[in-house]
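Chemist: For the sequence shown, the residue numbers in the working numbering are 1399 to 1912. All C-beta atoms in this analysis are idealised placements derived from N, C-alpha and C, irrespective of residue type, glycine included. Note that the coordinates shown come from a computational prediction; the quantities given were computed from them, not determined experimentally.
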Amino acid sequence: MFTSKKSRRVLVLATAVVGSLVASILPASAENAAPKGDLVLVRNQDFATFNPDLAQNDSIFPQQQIYEPLYMISQDGKTVSPWLAKSSSQAADKLTWTIKLRTDIKFSDGTPMTSADVKFSLDLATKGDGWGFLNTAIDTITTPDAATVVIKTKTPWAPLLSDLACFSNSILPNNFGGKTAEAFYKAPIGTGPFKLDHWTPGTELKMVANTNYWQPGKPYLNSVTWKYVVDDNTRALMLASGQADINEFPPATSVPQIKKTAGLMVKAFPAAASEFIAMNELSTPALADVHVRRALSYAFDRRAVIKVVLGGLGTPSNSILAPNVGFYDAKSPGVQYDLKAAAAELAKSKFAKGLKLEYLATSGSVEDNAMSSILQASLKKIGVTLTIKTQEPKVKRATQKAMNYQLTSTGWTMDISDPDELLTFALDPENGGTHAFYTNYNNPAVVAAVRAGQSNADPVARQKSYSFAQKTVADEAMMIFAYNAPYIYSWSSKVTGFEVTPTLSYHMEDVKKG
1399 MFTSKKSRRV LVLATAVVGS LVASILPASA ENAAPKGDLV LVRNQDFATF NPDLAQNDSI
1459 FPQQQIYEPL YMISQDGKTV SPWLAKSSSQ AADKLTWTIK LRTDIKFSDG TPMTSADVKF
1519 SLDLATKGDG WGFLNTAIDT ITTPDAATVV IKTKTPWAPL LSDLACFSNS ILPNNFGGKT
1579 AEAFYKAPIG TGPFKLDHWT PGTELKMVAN TNYWQPGKPY LNSVTWKYVV DDNTRALMLA
1639 SGQADINEFP PATSVPQIKK TAGLMVKAFP AAASEFIAMN ELSTPALADV HVRRALSYAF
1699 DRRAVIKVVL GGLGTPSNSI LAPNVGFYDA KSPGVQYDLK AAAAELAKSK FAKGLKLEYL
1759 ATSGSVEDNA MSSILQASLK KIGVTLTIKT QEPKVKRATQ KAMNYQLTST GWTMDISDPD
1819 ELLTFALDPE NGGTHAFYTN YNNPAVVAAV RAGQSNADPV ARQKSYSFAQ KTVADEAMMI
1879 FAYNAPYIYS WSSKVTGFEV TPTLSYHMED VKKG
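1. Tell me, please, whether the stretch 1666-1673 touches the stretch 1804-1812 by the rule of three or more beta-carbon pairs shorter than 8 Å.
2. Give me, in chain order, the residues of the same chain whose beta-carbon lies closer than 6 Å to that of residue 1892; leave out the 5 immediate sequence neighbours on both sides.
3. Anyone know if the C-beta pair for residue 1497 and residue 1548 falls short of 9 Å?
4. Can you list, in chain order, the residues of its chain whose CB lies under 7 Å from that of residue 1896, leaving out five sequence neighbours each side?
5. Go ahead and pull the three-state DSSP assignment for residue 1578.
6. Does the pairing of the stretch 1868-1875 with the stretch 1612-1624 give three or more beta-carbon distances under 8 Å?
7. With a CB to CB cut of under 8 Å and the five nearest residues on each side skipped, what residues in its chain are close to residue 1853?
8. Which class does residue 1586 belong to by DSSP, given the choice of helix, strand or coil?
9. Pick from 1684, 1564 and 1885: whose alpha carbon is nearest that of residue 1461?
10. Just list the residues that DSSP pairs residue 1713 with in beta bridges.
11. Nearest-angstrom Cα distance between residue 1362 and residue 1697?
12. Is DSSP giving residue 1874 helix, strand or coil here?
13. Would you report the Cα separation of residue 1495 and residue 1838, rounded to the nearest angstrom?
14. What is the C-beta distance between residue 1456 and residue 1443, in whole angstroms, given that I count them as a contact (C-beta under 8 Å)?
15. Which residue from 1468, 1599 and 1537 puts its Cα closest to that of residue 1511?
16. Going by DSSP, name the residue or residues bridged to residue 1436.
17. Are the beta-carbon atoms of residue 1575 and residue 1452 separated by less than 9 Å?
18. Below 8 Å, how does it come out for the stretch 1855-1864 and the stretch 1718-1727: are there three or more Cβ pairs, yes or no?
19. In this structure, how does DSSP classify residue 1906 when only helix, strand and coil are distinguished?
20. Hey, would you say residue 1561 sits closer than 9 Å to residue 1818, going by beta carbons?
21. If you run the structure through DSSP and keep just helix, strand and coil, what is residue 1819?
22. Let me confirm a value: residue 1655 is counted as buried when at least 16 other C-beta atoms fall within 10 Å, else exposed. Which label applies?
23. Taking only runs of the alpha helix (DSSP H) that begin and end inside the stretch 1745-1804, which ones reach a length of at least 4 residues, in chain order?
24. In the DSSP output, which residue or residues are listed as bridge partners for residue 1667?
25. Report the rounded CA-to-CA distance for residue 1501 versus residue 1762, giving the unit in angstroms.
26. Got a sec, what are the start and stop residues for the alpha helix (DSSP H) residue 1927 sits in?
27. Quick check on residue 1883: buried or exposed, where buried means 16 or more other Cβ atoms within 10 Å of its Cβ?
28. Taking a contact to mean a Cβ-Cβ separation below 9 Å, would you say residue 1571 touches residue 1647 in this structure?
29. Less than 9 Å between the C-beta atoms of residue 1538 and residue 1550, yes or no?
30. For residue 1743, which three-state DSSP category applies?
31. Our contact map puts residue 1581 next to residue 1592 with C-beta atoms below 8 Å; I'd like the distance itself, whole angstroms only.
32. Among 1843, 1742 and 1881, which residue has its Cα nearest to the Cα of residue 1768?
33. Which whole-angstrom value is the C-beta distance of residue 1482 and residue 1499, which I expect to be below 8 Å?
34. Taking Cβ positions, are residue 1765 and residue 1807 nearer each other than 9 Å?
35. Alpha carbon to alpha carbon, how far is residue 1901 from residue 1751?
36. Just list the residues that DSSP pairs residue 1900 with in beta bridges.
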């Protein structure tokens, strides 16, 4: 998912899981026993929308407690398995997929879920401007009966089941349950473990247990409240004093102290995520020069940033893909810190005598302040003057999308178990819909490799295509690949069952408090 330093952090081999794993484990739903416990999660991002197509990390995680997809990403982020779906099968033509739905699923208002809801939701997602690119391979969706959905793709499509597991393909009621889209997103219903209680923009979002939930006995909690608290210290104090139960993204530098604090837990969860510095080739002719981009990338001291803001909890990035993402190629060296090489690259450009650039940073971000300052100091040594401008996160994200910047911090968290999501978004200007992550980078050979990886189910062939793409964009410094870091959460020892996947999602139905 596109993030703007962030919103936060971007997964692995798409596995065509066929069968009824969930169905074989979970019995038919029944009225759930009364859940117990009220949980408060504090975070530095405000909730923004219940519309999946407009969601960024500020909204995705709470949304996932109300909406659910046909397939679900595994806890290790490497596979998917049936969720609202019961099974799937692929025809010999490699284009036709038949998906059988669970027949015991109800929306939170008690209405049964059917294939009509699935078709409506997938059609809606495909039309979306935000994440519709994930469904561009879908040709037709038909519903032979209430429990069957047939999806036909335009070409053989390896990531299909992973795509169906994305939050953007969550299942909503057909025709919004008879409401307008605007009315529905103000009072949404879904098949998930929780339903909306109230939302006070800028303050908090509260959900209560969905007693029609299809997993008997779940959720264990009576309610979950996400509170918007910008200041790191305030969130830490709320957790320590019992005013909050989970703190999302405490500073990495605070981890040693949290470990020493009685009654608190902290964990750095493995992440399929990357932090980048984007360079806008459209607005700035100098950045269209590969030698300039390579010079800037060589000049960025990744290890210094990791030490300063992550307490060492991170690794320098060598690829557009994170190490926890499928088809990641560790042999792609990327462009690493080397000031002599940076100066040599700049000397090969038309800007050897000097260059002035502007870095758009996130106001109030310790990470961004460190990244921009470290880069600024290094560039000064090779004759590049970097000025730093700051904007509030939402404004900065809009500025990047409008491509009205020169350099800016950004990031990505994978939402599915296949690298195609990021590679299409960032490297295929035509199908990604974002001018290659808002950089205007365009290499036809890379685009061809990305598309070859999409259409070939053979993992060996896919690896070859994706390794070529990774090496090429690293060599051409399409962006400055900054670092890969874990997701850090701290919580009260009274909370159990809280886990975070590499795609940065969590199942609140599994969490207990007491």
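Modeler: Answer, in terms of the structure:
1. yes
2. 1911
3. yes
4. 1644, 1889, 1904 and 1909
5. coil
6. no
7. 1553, 1554, 1555 and 1556
8. coil
9. 1564
10. 1882
11. Lying outside 1399 to 1912, the shown extent of the chain, residue 1362 is not represented and no answer is given.
12. coil
13. 35 Å
14. 4 Å
15. 1468
16. 1621
17. no
18. yes
19. helix
20. yes
21. helix
22. exposed
23. 1764-1778 and 1791-1799
24. 1885
25. 49 Å
26. There is simply no residue 1927 to check, as the chain begins at 1399 and stops at 1912 in what is shown.
27. buried
28. no
29. yes
30. helix
31. With a Cβ gap of about 20 Å, residue 1581 and residue 1592 do not count as contacting.
32. 1881
33. 7 Å
34. yes
35. 44 Å
36. DSSP lists no partner for residue 1900.
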